[in-house]
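> Here it is, the structure, as structure tokens.
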Ligand code: SF4
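Structure follows, in structure tokens:
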């Protein structure tokens, strides 16, 4: 299965779901119409796939597949021709623009889109619609880690080192990450005995750590920041930071330590224990494990990041990493485990409210001039930064807010916080257009639904959690009647008065333009050569145009002298497998300690809502579940909404194991089946967020935003449990 071409032989590609981008081969069987999935050896998954990957071809021939545009007539979505649907959309967008100005239309993108689509969508918004109102679901994913990475290092790449660096790590802190369920093959890179899992729940990852001799710290929801302050305090007080190497690292490679050191003095262990509930002995063991390792990593996930203080929380963990001398040291580091398939590339190419391609800032005059020149437009015509995702959704259909929305690759009706408010806002729009391949909950509300191709039916590039640019190959033809997202954008742009050549439908042409638009930017893709991708070369951004491969025979040892970019750590690599080896990306080359303080969540339990409610993911489902809820094998295992609760807490609310329960927050009520879990904190309940309707966990969640990243507080709200009578 190495042909790399469409046809009956196998086509090498990658999983459609998460950012691990496990490698697989797809083999269509013309006799049955089915496509077989075979895992493929690759550094991230090493021949493994999770249940989602194994079953990923099920949707290609699903009965629920959309193959004709739908237009709402008389309150009902009815089949329509492509020209009718596109003419209607473009006509109404043009009329709205003439009547209310360009910001009357908005665009909502996705971290699941290929780099080419993310790029084209941003360009479409800025020059075909002329709107500033574009953001994407990645704002709800890793935006806090991105913001913290940018302010500490001057650059954000989820893992600034290859995944395989984790293999030799002697201590890995996983903070609010549950890869045993979200990206299981990643667990193969960890020695459980060396894991420190920070999570209020005893997740599958925490269990693996504890069973293997590692450590599970279970802080109260919303106290991860204080936990990091406590660990830094202990590392300092116990003399772990006084080694010559760490002292020299802080002096030569960082700034801001003095202030952070001064502030952290107040976070003595007993105070941290009282706030977090984590015993001082466990704090000491975790600090000593991290500090005693010759190679160590601190990795954050959504549990740390999806808070109204998510950016500061990540900064606190980065401070700890910097104090220990980890970032930019071969074989060690800080990283964020990006979630969505193209969560990394999706945030680099211009579908974010404040960004232009190449991870350039939209408010930077030089960036505007560069990108405008590539697009052939006057930089002064480019709109400025728009609203972040929640602010955008919350403004829909309001006076002064957008009256039309184009959604591509996302299902905010389920995945956005305070979902009942979002449903109301979507219903209040003059025009809702959804491009999708199934009737997602958002598509059900649309005025126009455009049926688009799926991952295996089109080509493009994805950028995985380690910053590696990958080829997504077309393995089979889309069903008749279906178009690609790029074709949709081109058709709409032309109807809105742009020239066809400005919006190529060929992904190769888009990549070529993306390379020019990103050239010289922080996420420089100029040297991403299709031939290298086709050959399977490891290509890590930034990859300036003249990027030569490293010698395949070069030693991959962590102790080998580091070249800029550390290409020797991945044989044959191009670009920059390891960032920050010689300097960080701030102008002075130094990483910045940021003084941050614990603060409470936006809302805390009280008499009326005495529990913390937190949300998360299951092994069987991906994001809003629009795809995985349509895969029978996955739905069989995880068919319905439930709430994990400590038996004592449940009994106190009059609930037996398996009883239907009402979970009530200040924003709404969710119906869920009670699931007794002995290891739950008695003050906390957990709800998976993949289910819609009355069981949508986001009916409860609090859209209090992080002031830096715009991240809503998905991981913490106050709630109570009631029996269903
Ligand atoms: Fe791999 Fe993620 Fe796909 Fe599972 S969902 S097979 S971990 S890429």
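Residue numbers (full-length UniProt numbering): 30 to 754.
All C-beta atoms in this analysis are idealised placements derived from N, C-alpha and C, irrespective of residue type, glycine included.
So which residues touch the region around ligand 1, with touch meaning a C-beta under 6 Å from any heavy atom?
44, 46, 47, 49, 50, 51, 74, 78, 79, 81, 82, 212, 213 and 214
> Can you tell me whether residue 350 is buried or exposed, with buried defined as 16 or more other CB within 10 angstroms of its CB?
By the 10 Å Cβ count, residue 350 comes out buried.
> When the distance is taken between beta carbons, is residue 164 closer than 8 Å to residue 29?
Residue 29 is absent from the structure shown; the chain starts at 30 and stops at 754.
> To the nearest angstrom, how far is the alpha carbon of residue 397 from that of residue 433?
26 Å
> What residue range does the beta strand (DSSP E) around residue 609 cover?
From DSSP, residue 609 is part of no beta strand (DSSP E); its letter is neither H nor E.
> Can the beta-carbon of residue 482 be found less than 8 Å from the beta-carbon of residue 509?
no
> Nearest to residue 271 by CA position, among 352, 532 and 191, is which residue?
352
> Where do the N-terminal and C-terminal ends of the beta strand (DSSP E) with residue 201 fall, by residue?
Unbroken beta strand (DSSP E) run through residue 201: 200-204.
> Measuring alpha carbon to alpha carbon, tell me which of 511, 193 and 733 ends up nearest residue 606.
193
> Given residue 212, which residues of its chain have a CB within under 6 Å of its CB, disregarding the five upstream and five downstream residues?
47 and 49
> Under 7 Å Cβ to Cβ from residue 754, same chain only, skipping five residues before and after it: list those, please.
none
> By the three-class DSSP mapping on this structure, what secondary structure does residue 251 have?
Residue state for residue 251 is assigned as coil, using DSSP reduced to three classes.
> Using beta-carbon positions only, say whether residue 172 and residue 549 come within less than 8 Å of one another.
In terms of Cβ geometry, residue 172 and residue 549 do not form a close pair [threshold 8 Å].
> Taking the continuous alpha helix (DSSP H) assigned at residue 144, which residues delimit it?
Run containing residue 144: 144-152, per the alpha helix (DSSP H) assignment.
> If I follow the unbroken beta strand (DSSP E) through residue 348, where does it start and stop?
That residue, residue 348, is in no beta strand (DSSP E); its alpha helix (DSSP H) goes 339-352.
> Alpha carbon to alpha carbon, how far is residue 573 from residue 390?
19 Å
> My output table needs one value for residue 374: the three-state DSSP class, helix, strand or coil.
helix
> Report the rounded CA-to-CA distance for residue 208 versus residue 491, giving the unit in angstroms.
20 Å
> Can you say whether residue 127 is buried or exposed, counting buried as having 16 or more other CB atoms within 10 angstroms of its CB?
exposed
> What does a CB cutoff of less than 6 Å around residue 478 pick up in its chain, not counting 5 residues either side in sequence?
In chain order, 99, 463 and 472 place their CB closer than 6 Å to the CB of residue 478, counting only its own chain and leaving out the 5 sequence neighbours on each side.
> For residue 704, collect the residues of the same chain with a Cβ closer than 6 Å to its Cβ; drop the 5 residues on either side in sequence, then sort them by chain order.
If we look at residue 704 and ignore the five residues flanking it on each side, its Cβ neighbours are 671 and 673.
> Please identify the residue among 152, 379, 162 and 624 whose C-alpha is closest to the C-alpha of residue 130.
Closest by alpha carbon: 162.
> Could you confirm whether any beta carbon from chain D is found closer than 8 Å to the beta carbon of residue 146?
You won't find chain D in this structure, because it holds only one protein chain.
> Could you tell me the alpha carbon to alpha carbon distance between residue 235 and residue 708, rounded to whole angstroms?
11 Å
> Which two residues bound the contiguous alpha helix (DSSP H) that contains residue 715?
Unbroken run through residue 715 is the beta strand (DSSP E), 713-717; no alpha helix (DSSP H).
> Excluding the 5 residues preceding and the 5 following residue 752 in the sequence, name in chain order all residues of the same chain whose CB lies nearer than 6 Å to its CB.
683 and 684
> Would you report the Cα separation of residue 347 and residue 285, rounded to the nearest angstrom?
13 Å
> Return helix, strand or coil for residue 591, following the three-state DSSP convention.
Low per-residue confidence applies at residue 591: pLDDT is 41, beneath 50, and the placement is therefore not dependable, though the value from the model is reported in the following sentence. For residue 591, the three-state secondary structure derived from DSSP is coil.
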